[in-house]
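Here this note's numbering runs 8 ahead of the position in the sequence shown, where the first position is 1.
Structure, as structure tokens:
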Amino acid sequence: MEETLKELNQLKKAGILRDYAIGGGYAVNYYLEPILTYDLDIYVLMYKDEEFSNLYRYLRAKGCEIENVHIIIGRMPVQFLPTYIHPAIDEAVRKARRIRFRGIPTKVLTPEHLIATLLMAFRPKDRMVIPSLLEFTDKKKLQSTLRRFSDEKTPLDQRLRRILESLR
Numbered sequence: 009m010e011e012t013l014k015e016l017n018q019l020k021k022a023g024i025l026r027d028y029a030i031g032g033g034y035a036v037n038y039y040l041e042p043i044l045t046y047d048l049d050i051y052v053l054m055y056k057d058e059e060f061s062n063l064y065r066y067l068r069a070k071g072c073e074i075e076n077v078h079i080i081i082g083r084m085p086v087q088f089l090p091t092y093i094h095p096a097i098d099e100a101v102r103k104a105r106r107i108r109f110r111g112i113p114t115k116v117l118t119p120e121h122l123i124a125t126l127l128m129a130f131r132p133k134d135r136m137v138i139p140s141l142l143e144f145t146d147k148k149k150l151q152s153t154l155r156r157f158s159d160e161k162t163p164l165d166q167r168l169r170r171i172l173e174s175l176r
């Protein structure tokens with residue numbers, strides 16, 4: 009993971025990435041007991057398909073392999089998720105928590121934004137960890153985040169309510 013984070017920081021320094029933050033399973037692992045996760049989900053500030061294509065071209069030219077939706081960086085499968093796929097992702101990257109992983113500076117989604125992204129995916133494995141993540145949240149921030157980014161297609165606040173009701 010260290011090699012991957014160093015490369016991501018180099019991409020940022022080179023201007024290939026504006027900014028990024030760790031999401032998905034590795035972000036869950038930051039807050040909770042480790043869970044098995046296959047890849048590193050990286051949310052990136054990007055606003056056009058062209059920027060995303062340039063990232064892939066750049067990494068391919070550096071010798072990184074591409075496997076389906078993953079780019080292998082330092083033996084780690086990385087899935088890049090650009091902010092243009094949903095406004096919540098843009099905010100999640102901008103408000104991400106600055107941390108150090110084994111001395112390497114990086115950012116991880118806040119628990120509130122992590123829960124929002126997990127509710128967007130709404131897979132069984134995501135629904136399982138959300139109740140445990142709630143203890144790390146500021147409840148008002150979480151409610152505000154879910155309210156702002158809920159819509160008919162992705163009713164985040166309703167999804168959270170369903171999860172909590174299933175625990176009773």
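By construction, the Cβ of each residue, glycine as well, lies at the ideal position given by its N, Cα and C atoms.
Original post:
To the nearest angstrom, how far is it from the Cα of Lys148 to the Cα of Glu73?
Top reply: 42 Å
**OP:** Locate the alpha helix (DSSP H) running through Ala96, then write down its first and last residues.
**Re:** 95 to 102
Subject >> Cβ pair Phe122, Val52 closer than 9 Å >> reply: Here the sequence assigns Leu to residue 122, which means Phe is not the residue at that position. Not a contact, by the Cβ cut-off of 9 Å.
**OP:** Could you check what DSSP says for Phe157 in three-state terms: helix, strand or coil?
**Re:** helix
Original post:
What's the C-alpha gap between Ile50 and Arg176?
Top reply: 34 Å
Original post:
Excluding the five sequence neighbours on either side, which residues of its own chain have a C-beta within less than 8 Å of the C-beta of Val77, listed in chain order?
Top reply: Gln87
**OP:** Could you pull out every residue in the same chain whose Cβ sits closer than 7 Å to the Cβ of Ile171, ignoring the five residues on either side in sequence?
**Re:** Arg135, Ile138, Pro139
Original post:
Which residues share a DSSP beta bridge with His78?
Top reply: Glu75
Original post:
Is DSSP giving Lys115 helix, strand or coil here?
Top reply: strand
Original post:
Hey, out of Glu160, Lys161, Leu168, Tyr28, whose CA is closest to Pro90's CA?
Top reply: Tyr28
Subject >> Identity of the residue in Leu19, Leu44, Lys14 nearest Gly4 by Cα >> reply: For the chain, the structure presents residues 9 to 176; residue 4 sits outside this window and is missing.
Original post:
Does the separation of the CB atoms of Thr114 and Arg106 fall below 9 Å?
Top reply: yes
Original post:
Contact check, Arg167 vs Leu127 under 8 Å by CB: the rounded distance?
Top reply: 5 Å
**OP:** Give the DSSP bridge partners of Pro163, in chain order.
**Re:** According to DSSP, which records beta bridges pairwise, Pro163 is partnered with nothing at all.
**OP:** Could you round the C-beta distance between Asp146 and Glu120 to whole angstroms and report it? I think they count as a contact, below 8 Å.
**Re:** 7 Å
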